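For the sequence shown, the working numbering begins at 1 and goes up steadily by one. For every residue, glycine included, the Cβ atom is placed at its ideal position computed from N, Cα and C. In this text the structure is predicted, and so the values were computed from the model without any measurement. Notes to accompany the following structure.
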Amino acid sequence: MASLTHDDYTIAWISALPLEMAAASVMLDKTHNPLPQPVTDPNAYVLGELSGHCIVMACLPTGVYGTISAATVMSHMISTFSSDPVWFDGGNWRGVPSTSNDIRLGDVVVSKPVGKYSGMIQYDYGKAVQGGQFEPTGTLNKPPQTLLTHMAYLEATQMTKRDDAVAKIVLEVLEQNPDVNGRLLPPKWPTDYLFHSSYPHADKESNCEKCDKAHTPYIHYGLIASGDQVMKDSETRDRLAQQYGILCFEMEAAGLVEGLPTLVIRGICDYCDSHKQKEWQGYAALTAAAYTKFPLSVIPVSRSGSRLRKKAKKARHWMVPLARNPRFVGRQDEISKLEELIAMQDGPRKVAITGLGGVGKTQLPCISHGTIEQAYLNMAQTLGLQDVKTTDIKEQIKIYLSSERAGKWLMVFDNADDVDMWLPAGDAAPILEELLPESEQGRILFTTRNRKLAVDLTSSNIVPIPHGDKEIALKIFEKSLVQNGLLEDYITTVSLLEQLTFLPLAITQASAYINKNCLRRYKDIQNPVITTWLISFKQIHRQDQLAADYLSFMACTNPRNIPHLHRLMHIVTRNWLRKNALFMLWQEYLPHALALAYEDEFIIQREQYVDLVAKIAGCLSSDGRYHEAEVLYSDLLKIKQVKDGPEHPNTLTSMANLASTFWKQGRWNEAEKLELEVLETRKAVLGAEHPDTLTSMANLAATYRNQGRWNEAEKLLVQVVEKSKTVLGTEHPSTLRSMGDLAGTYWDQGRWSEAEKLEMQVMEISKTVLGAEHPDTLRSVVNLASTYWNQGQWNEAEKLLMQVMDTSETVLGADHPSTLRIMANLGATYCKQGRWSEAGKLQIQVMKTRKAALGAEHPDTLITMNNLAATYRNQGRWNEAEKLLTQVLEIYKTVLGEEHPDTLRSMANLAETYRSQERWSEADKIFMQVMETRKTVLGAEHPDTLTIMASLAYTRNPKGSFRMPLL
């Protein structure tokens, strides 16, 4: 880079405080070495570069503030840097809150001419007029005309999109400067923050610490008041603000604006009252400095244009990164139309090729390039722009290609799909459309999936590429296949191509698969068809949320009767929803549905909305909110009994759902009572072999299992399995689930070989009928691994669980509840092997994911926390185990109640931790409480009661002689 002189510095930036100077300095893209200055100039300068502009920065003397001090610093700077610079004054000061301008701490105020005022008012310099009013006198300079012109554009774009650009710049600067002084950071918790009314509070938080702050800071344009005194009186502030429409008060800018046209930028750090918000000063200075990047990125760089243009050389260049595809066929009509548009003497300067991803748009420019021989190749280097910033390079290329000496040229923008890159939307950087050259000798060609963008860029000069051409598809397939004999079966070939929707990219991929004769896809190979369509969907999701919502909805329905919904787009959208866990949107909408369900008008008419209420109750149950679900299910049952009658199938379904809620709360006796009633009624009404009757029998058996009544559970499940085989068939999913439940009963009784035999049978049938990746198949593999686990066959269990976890992550996703359950089982296996570190690592991962997805109070989350505490206990990390178990226990008591089996199990675990620490009396007390509660809730002979009795006996005398009887 050539050495710089004082004349190269065309932007002057003055700050009042060292803190503001620091904020300005971190915005620089480059810093320059200091230049010599006259002895008569006492200013200390920082030199650097921002957005291609050379900038000189100065700060007011410490402790000497106000308009006079600012004017003095400016006069010295003018004498040293005589390049007639554009002046900026950036820093933090005091905002004026009002109903018309919702100014908040951290926002930015930019001076802008309003009415007869230049953008600045010197509120302490004027005269008193009739009525006791004060009228400022004198005229202050407006900001430079070049800035006003571009500010109008910036303000307009701000109105059309979310205003988070300042926040992004601040975040980038802080990330690039990790050692920045802490005073420039935003307050850890901004207590003054005001969120938009459309943005809901983060659920379950006592404050807004976790709320999304992406909507701030905002940029306000208008009048700034300046004077030599700090504005601290809120009454005076409001009076002046109302009279003149003032947005901000400060102390230095009038001294600058009076001398030269200056753009004043202020970050808001308090509200001009006696409450000074010091913690906001650094961040406010940083937001003001961040805004300065916007005008600097759009105004021309004056220092380098002539120097660079002297180095420019006219040359012919060829740059096409893609070779012509030898398998490219057809599209002759489109090629001819494209060549005609480009070759016309007075033809359009911009042309677009539009079509779906993978139809062959990119190959058309490659074909036409061969006849033009003039393209854009590394133009920046040819023009000597290596040392200029990217934004300046684009501007200089535009200048060069717009000139006659550039000759004929063609510029191609492939995959121009992102609207935000091309059209005005409020971004800080110049939009690409503004950087496109204009020349009678040049043409610009776009390829894009986005027809709307194509119209905006080229008007009607569009060459659409249709999809679904059978003849072209056959030719591509023929050119792509190694074994052309496969094409002899015409019907099969066309059928395959129809499945691929005649899409060239899909045909190429399928041909490669056939040529390799590969029997399976490697999971690490990307699918280019899905990838290219996913790009289109992501563009839609970012640009038109309503359209994305409609597509998401259609992805959850059968696409057969939806016109123009491409089959591949249907698949891609479903995959995107699954990958992003958006099939579980009920968790997001549940609060709104609940609010509706408890409205008085809704309660009065609840019988008209029983299906909606049932869905709400089901979501509550899935979310672990069993008590709330119980209330709704109880209401539903009453409605159904009156509306449909006590024996109607819908009534019985409601009764079974209520019983399930009791079951999940550990209220086995209440669940049993309802389940028996449902079972007997279904037998009488539907018959003993009806699928609903068999389901009731299986539910009752599950209750017997939890009550420790294993013989009764086994007896019922044997009947269910036999009848299911007869009625539904051995391979029916319901039959397989019943067989798995029966194996679980054997498992409860320690009959491992019988359980293993049955689980092997279920697994093999599931693989054959449902496929190795079906969730039911994965569940059967996990059950078999659990049987190995209980027989001490740790290696066999681990092998199965590793296999099924990989499959579950691929099919369901790493965060899916089933995948997490498998990971938890694998962690338990590591525990049994004494591999505590590996177990803890998995358990922490499961716990964090469940907390994020389900919430800290969900039963699955609490189980994971219990397991992690057990791992800590086995590692001798008693304090961590105790802390975790105490936390879990309190949540269980609140959510499930003190008598729930899970609560009692958590208490027992805490007692085990105390016992491991030889805190005998504390352990004894908790064990005793658990035992008495289990006797009452489960019965004295329940296995869980007997287990806790043994634990209590050991606690009282681990050496073998009891101090007192337990019964």
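Starting from residue i and walking both ways along the beta strand (DSSP E), at which residues does that stretch end?
i           : result
residue 6   : Premise fails: residue 6 is in no beta strand (DSSP E) and is neither H nor E.
residue 270 : 262-270
residue 409 : 409-413
residue 111 : 108-111
residue 46  : 45-50
Do residue i and residue j have their C-beta atoms within less than 8 Å of each other?
i           : j           : result
residue 849 : residue 820 : yes
residue 106 : residue 241 : no
residue 27  : residue 292 : yes
residue 823 : residue 800 : no
residue 660 : residue 640 : no
residue 266 : residue 224 : yes
residue 633 : residue 657 : yes
residue 239 : residue 231 : no
residue 899 : residue 933 : yes
residue 37  : residue 80  : yes
residue 147 : residue 91  : no
residue 904 : residue 885 : no
residue 727 : residue 689 : yes
residue 166 : residue 110 : no
residue 272 : residue 249 : yes
residue 907 : residue 926 : yes
residue 668 : residue 707 : yes
residue 857 : residue 624 : yes
residue 614 : residue 636 : yes
Note the first and the last residue of the continuous alpha helix (DSSP H) segment covering residue i.
i           : result
residue 975 : Outside the displayed span of the chain (1 to 967) sits residue 975, for which this structure offers no information.
residue 696 : 691-706
residue 733 : 733-748
residue 243 : 234-244
residue 761 : 752-769
residue 900 : Neither: residue 900 is in no alpha helix (DSSP H) and is coded neither H nor E.
residue 865 : 859-874
residue 891 : 878-895
residue 150 : 145-158
residue 635 : 626-643
residue 927 : 920-937
residue 439 : Counting along the chain, residue 439 falls outside any alpha helix (DSSP H), and DSSP gives it neither H nor E.
residue 661 : 649-664
residue 459 : Looking at the DSSP string, residue 459 is not in any alpha helix (DSSP H), and its letter there is neither H nor E.
residue 772 : It is not in any alpha helix (DSSP H) - residue 772 carries neither H nor E in the DSSP assignment.
Given that a residue counts as buried once 16 or more other Cβ atoms are within 10 Å of its Cβ, and exposed if not, what is residue i?
i           : result
residue 246 : buried
residue 171 : exposed
residue 736 : buried
residue 178 : exposed
residue 756 : buried
residue 89  : buried
residue 750 : exposed
residue 768 : exposed
residue 902 : buried
residue 68  : exposed
residue 7   : exposed
residue 839 : buried
residue 116 : exposed
residue 722 : exposed
residue 20  : buried
residue 975 : Limits of the chain in this structure are 1 at one end and 967 at the other, which puts residue 975 out of reach.
List the DSSP bridge partners of residue i.
i           : result
residue 996 : For the chain, the structure presents residues 1 to 967; residue 996 sits outside this window and is missing.
residue 122 : 226
residue 249 : 94, 225
residue 13  : 57, 88
For my contact list, residue i and residue j are in at a C-beta cut-off of 8 Å; report their separation, rounded to the angstrom.
i           : j           : result
residue 349 : residue 443 : 6 Å
residue 784 : residue 764 : Not really, about 10 Å apart at Cβ, beyond 8 Å.
residue 836 : residue 787 : With a Cβ gap of about 24 Å, residue 836 and residue 787 do not count as contacting.
residue 287 : residue 187 : Wrong, their Cβ atoms sit about 13 Å apart, outside the cutoff.
residue 681 : residue 647 : 6 Å
residue 398 : residue 436 : 7 Å
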